[in-house]
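Peer 1: Chains A and W, in that order, are what the protein sequence lines are.
With numbering that gives the first Met the number 0 applied, the first sequence corresponds to residues 0 to 400, in that order.
With numbering that gives the first Met the number 0 applied, the second sequence corresponds to residues 0 to 400, in that order.
Idealized CB from N, CA, C, for every residue including glycine.
Predicted model only: the values in this text are computed from it and were never measured.
There are 2 protein chains.
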Amino acid sequence: MEYPNFNFKIIYKSPFSKARLGRLLTPHGSVETPAFIFCATKAAIKGATPRSMREENTQIILSNTYHLMLQPGAELVAKMGGLHQFMGWSGPMLTDSGGFQIFSLGHGSVAEEVKGRRQSSRPKSLLTINEEGATFKSYIDGKIHTLTPEKSIQVQRGLGADLIVVLDECTPFHVDKSYTEKSMYLSHLWAERSLKEFQKGPSGIQALYGITQGGVYSDLRRISADFVNSQPFFGHAVGGSLGAHKAQMAEVVEMAMEPLDPSRPVHLLGIGGMSDIFYGVEQGIDTFDCVHPTRLARHGGALVPSAVWQSIGENSKGKEHINLRNARFRDDPRPIDESCKCQTCQTMSRSYLHHLLKAGELLAMQALTLHNVHFMNRLLSSIREAIRENRLDAEKKKWVA
Amino acid sequence: MEYPNFNFKIIYKSPFSKARLGRLLTPHGSVETPAFIFCATKAAIKGATPRSMREENTQIILSNTYHLMLQPGAELVAKMGGLHQFMGWSGPMLTDSGGFQIFSLGHGSVAEEVKGRRQSSRPKSLLTINEEGATFKSYIDGKIHTLTPEKSIQVQRGLGADLIVVLDECTPFHVDKSYTEKSMYLSHLWAERSLKEFQKGPSGIQALYGITQGGVYSDLRRISADFVNSQPFFGHAVGGSLGAHKAQMAEVVEMAMEPLDPSRPVHLLGIGGMSDIFYGVEQGIDTFDCVHPTRLARHGGALVPSAVWQSIGENSKGKEHINLRNARFRDDPRPIDESCKCQTCQTMSRSYLHHLLKAGELLAMQALTLHNVHFMNRLLSSIREAIRENRLDAEKKKWVA
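#1: Quick check for students: name the residue ranges of the beta strand (DSSP E) that lie wholly in the segment 1-46 of chain W, counting only runs of 3 or more.
#2: Listed in chain order, which residues of the segment 78-97 of chain A have Cβ atoms closer than 7 Å to some Cβ of chain W?
#3: Closer than 8 Å, Cβ to any Cβ of chain A: which residues of the segment 27-43 of chain W, in chain order?
#4: So for T368(A), helix, strand or coil by DSSP?
#5: What would DSSP say about C169(A), mapped onto helix, strand or coil?
#6: Using 10 angstroms around the beta-carbon of K45(A), count the other beta-carbons present and answer buried if the total reaches 16, otherwise exposed.
#7: Verify the CB distance criterion: does A358(A) have a CB-CB separation below 8 Å to chain W?
#8: Who pairs with I152(W) in a beta bridge, going by DSSP?
#9: Quick check on A363(A): buried or exposed, where buried means 16 or more other Cβ atoms within 10 Å of its Cβ?
#10: Identify the continuous alpha helix (DSSP H) that holds S223(W) and give its terminal residues.
#11: How many whole angstroms separate the CB atoms of L24(W) and G97(W), which I take to be in contact at a CB cut-off of 8 Å?
#12: Between K45(A) and chain W, is any beta-carbon pair separated by less than 8 Å?
#13: For T145(W), count neighbouring Cβ atoms within 10 angstroms of its own Cβ and tell me buried if that reaches 16, exposed if not.
#14: Could you name the residues of the same chain whose beta carbon sits closer than 7 Å to that of H320(A), not counting the 5 residues immediately before and after it, in chain order?
#15: For Y351(A), go through chain D and note every residue whose CB falls closer than 8 Å to its CB, in chain order.
#16: Please tell me whether P332(W) has its Cβ less than 8 Å away from any Cβ of chain A.
#17: Between R327(A) and chain W, is the shortest Cβ-Cβ distance under 8 Å, so that the two count as touching?
#18: In whole angstroms, give me the CA-to-CA distance for F99(W) and L185(W).
#19: Could you tell me which chain W residues have their CB closer than 8 Å to the CB of Q342(A), listed as they occur along the chain?
#20: Given that T64(A) touches chain W, what residues does it touch there, using C-beta distances under 9 Å?
#21: For chain W, find out if any of its Cβ atoms is closer than 8 Å to the Cβ of L20(A); answer yes or no.
#22: Is M256(W) closer than 8 Å to G283(W) when the C-beta atoms are compared?
#23: Using beta carbons (cut-off 8 Å, strictly below), is M68(A) in contact with chain W?
#24: Measure the Cβ-Cβ separation of E55(W) and L369(W) and say whether it is below 8 Å.
#25: Ignoring anything shorter than 4 residues or poking outside the segment 253-294 of chain W, list the alpha helix (DSSP H) runs there in chain order.
#26: Considering only the beta carbon of each residue, do V265(W) and G234(W) sit closer than 8 Å?
#27: Taking the C-alpha atoms as reference points, what is the distance between D260(W) and F7(W)?
#28: Look up S62(W) in the DSSP assignment and say whether it is helix, strand or coil.
#29: Going by DSSP, which residues form a beta bridge with G209(W)?
#30: Examine chain W for any beta-carbon lying closer than 8 Å to the beta-carbon of L355(A), and answer yes or no.
#31: Between the segment 179-208 of chain W and chain A, which residues of the former have a C-beta closer than 7 Å to a C-beta of the latter?
#32: Is the beta carbon of I59(W) within less than 7 Å of some heavy atom of the ligand MN?
#33: Does DSSP put L241(A) in a helix, a strand or coil?
#34: Per DSSP, which residues does V164(A) bridge with? Please list them.
#35: Would you say Q282(A) faces chain W, with C-beta separation under 8 Å as the test?
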């Protein structure tokens, strides 16, 4: 299968790791990779306009099929001209399959697992999973919906993002190998049905990503990679359980990446921590997404390179952000990061941001969101430059100590 | 007394009303009048960065002394370089005296009176008023504070806005003439003390506004105007009760304006409705302020000229905004106002804004705030043009039907 109007070109490969520079071409422009994809969950970045996202150098965003199919519905978005026009974002865009939210609401999310939380406190809204698809209750009005591979592709076609993703079963990490294997084969079946439905649509408008499964088992990861490599996907996403903790995640990403076709772009779902991104880049991951940068902003956190911790006179070990609510910033006239060129760092002090947070001002969330968006784009831009100049290890030390 | 670095020049006077065009010069730039002043209550416009305020053509903003003296405190703001630097606003700025909030928390606000509400539901935090000043409890931590005329000027000096205002007693409308008269004389005494304190400060940095009192009584309004005219204020604000309802407000503004020195700029405190602004302009008011445009935005309301109501097929009589939460906008692909050049109208449909509001997205508040800010600046700009071209009555019909 061909993907007219889409292309993924590998521009440079690191001689020291699997890190690579790429250019991902879509009908809405190109993305220099490695790149970070920001989450506009309900067709909006929380706290930033599309214009300010561009001003802070954003290349690509994603929206969540699960949320949009429930509110306002894919039909409405299609009627309003598709997601790009609906939300006023003219650049490249991805939608996920909707599966992640259904399954994470049902049996706890991958993110919660990686963070060591075994149980989700959210209601169990997943009703059944069978060969046909998944049935769940809407979080908005309690109505029953069924998401099948075909339905997911149809909804994503209505939304109209450039890059779309097959439906898979997101298995939790605490299932055994037998469940993981059965689940993998179910996801492969769903992937084939997704491809079939995808091929009914017009060509050259969207490109389809397959998802590699297999949980924490290297033999299953290889089987799943062989499967997705054999199918005419444009790109791959690393799915399935990444393990119970951070150390295991690194291992699983490595075993998932090893057998994957290196000519296709690879997306790592739901990962956005700085050290995780460096690790993923070294494994050949091309794109990342996570709500972390924008969510952290709404709670007063500003992402910073390790030098900022040193400027405060503290050990930066393992710390990737400062919290502006902290009383130490009350009379600190410096910007969050003197080396940052974002709108917030150009105009606002730590003292002012501290005041805004204490006073409960909306502007605090906006200002910190702009900073964190700029930060992620600057981080990935620095990573690309470092790959090109064969000094990724040295670059990493500037960001995470 | 002279006000170096400040100037108010009347550029044109309408032959049909007391409407006038002016230019108010401050150390941070000039303001074309009539102008609207946006409320950055706690040193922040709720939902807009200083940069986006400028992009939507904002000339001048104000901050509230009451809120800032309690949080983060004038000393901190002064230490951080003053309000302009603290909040990153480099244009003209006004602070009020702090009195309005103290008195409105104590015995119900002028705004609540004009809207016909007799009782405030807020706690009675005003403890005493006497010749010395007002004693009140902080809304943040319950601590007891005393605001005197001298203290208000000292705090405003620390904050460093261009235009500052004397402390007055904001009398409610339901007091009798005898109370109003005594209160007026108290405010005159406070004004003289404010002036005396003001003159201790450096020259050429701030300019002081007096406040005309006298409630709904024309003889008292004349006495108060004679008093403020005789004092070396840079400008005047219309204070005191404006009556129990809108019709009475017009009458009171007229009787307050009639005897005021026409060479000084006049500010009408807390008024921001479209028809009220047209009325005020006809009475010679030069500046207005109100939280209405930005507060309305946070509740889903978009200010519109009367033509927008007609585009929906409804009578616009008395209506100055549409509420985007209304189900009729669910699939309306048009912008709020096709004639509007704001960032929101250039990029977002009514349908999208409706979705953002239903989904509880922060971006809804930001987008509507930008629209309402642009709208007010455009309204006042149109008013200025209409005054210059002697067609204010015709212009009014375009905005309010």
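Peer 2: Let me lay it out:
#1: 6-12, 19-25, 28-32 and 34-38
#2: K78, M79, F85, M86 and G87
#3: K41, A42 and A43
#4: Against the first sequence, residue 368(A) aligns to sequence position 369. Note: T368(A) maps to helix in three-state DSSP.
#5: Within the first sequence, the letter at position 170 stands for residue 169(A). If DSSP states are grouped into helix, strand and coil, C169(A) belongs with coil.
#6: Stepping through the first sequence from its first residue, residue 45(A) is reached at position 46. Looking at its Cβ environment, which holds 16 or more other Cβ atoms inside 10 Å, K45(A) is buried.
#7: Here residue 358(A) corresponds to residue number 359 of the first sequence, with the count starting at 1. Judged by the 8 Å Cβ criterion, A358(A) is in contact with chain W.
#8: Here residue 152(W) refers to the residue found at position 153 of the second sequence. DSSP output for I152(W) lists no bridge partner at all.
#9: One-based indexing of the first sequence puts residue 363(A) at position 364. Label assigned to A363(A): buried.
#10: As a first step, residue 223(W) must be located in the second sequence, where it is residue number 224. S217 to S229 is the span of the alpha helix (DSSP H), which, as asked, contains S223(W).
#11: The sequence position of residue 24(W) within the second sequence is 25, counting from 1. The sequence position of residue 97(W) within the second sequence is 98, counting from 1. About 26 Å; that fails the 8 Å criterion.
#12: Here residue 45(A) refers to the residue found at position 46 when the first sequence is read from its first residue. True, the Cβ-Cβ gap to chain W drops below 8 Å.
#13: Within the second sequence, the letter at position 146 stands for residue 145(W). Looking at its Cβ environment, which holds fewer than 16 other Cβ atoms inside 10 Å, T145(W) is exposed.
#14: If you number the first sequence from 1, residue 320(A) lands on position 321. Excluding residues within five positions, the ones whose Cβ falls inside 7 Å are L295, G300, A301, L302 and V303.
#15: The structure shown contains no chain D; its protein chains are A and W.
#16: One-based indexing of the second sequence puts residue 332(W) at position 333. In terms of beta-carbon proximity, P332(W) lines the interface with chain A, with at least one pair separated by less than 8 Å.
#17: Taking the first sequence and counting its residues from 1, the one referred to as residue 327(A) is at position 328. Not one chain W Cβ lies under 8 Å of R327(A).
#18: Position 100 of the second sequence, counting from 1, holds the residue named residue 99(W). Position 186 of the second sequence, counting from 1, holds the residue named residue 185(W). Distance between the alpha carbons of F99(W) and L185(W): 15 Å.
#19: Walking along the first sequence from the start, residue 342(A) turns up at place 343. Neighbours of Q342(A) on chain W, chain order: T48 and R50.
#20: Along the first sequence, read from residue 1 onward, the residue named residue 64(A) stands at position 65. Chain W residues near T64(A): none, gap ~15 Å exceeds 9 Å.
#21: Translated into the one-based positions of the first sequence, residue 20(A) becomes position 21. No, because no Cβ of chain W sits closer than 8 Å to the Cβ of L20(A).
#22: As a first step, residue 283(W) is located in the second sequence; it is residue number 284 there, counting from the start. As a first step, residue 256(W) is located in the second sequence; it is residue number 257 there, counting from the start. With contacts defined by Cβ atoms closer than 8 Å, G283(W) and M256(W) form a contacting pair.
#23: What you label residue 68(A) is simply residue 69 of the first sequence in a count that begins at 1. Answer no: the Cβ-Cβ gap between M68(A) and chain W never drops below 8 Å.
#24: Start at 1 with the first residue of the second sequence, and residue 55(W) comes out as number 56. Start at 1 with the first residue of the second sequence, and residue 369(W) comes out as number 370. Yes. Within cutoff.
#25: 273-281
#26: Residue numbering aside, residue 265(W) sits at position 266 when the second sequence is read from its first letter. Residue numbering aside, residue 234(W) sits at position 235 when the second sequence is read from its first letter. Going by C-beta atoms, V265(W) is nearer than 8 Å to G234(W).
#27: Taking the first residue of the second sequence as 1, we reach residue 260(W) at position 261. Taking the first residue of the second sequence as 1, we reach residue 7(W) at position 8. Answer to the nearest angstrom: the Cα atoms are 13 Å apart.
#28: As a first step, residue 62(W) must be located in the second sequence, where it is residue number 63. Assigned with DSSP and collapsed to three states, S62(W) falls in strand.
#29: As a first step, residue 209(W) is located in the second sequence; it is residue number 210 there, counting from the start. G209(W) pairs with H235(W).
#30: Start at 1 with the first residue of the first sequence, and residue 355(A) comes out as number 356. Output row for L355(A): interface = yes.
#31: none
#32: This structure lacks the ligand MN, and indeed carries no ligand of any kind.
#33: By 1-based counting over the first sequence, the position of residue 241(A) is 242. Residue state, collapsed to three classes: coil.
#34: On the first sequence, position 165 is the one that residue 164(A) refers to. Partner(s): Y208(A).
#35: In the first sequence, residue 282(A) corresponds to position 283, counting from 1. Chain W contact via Cβ: absent.
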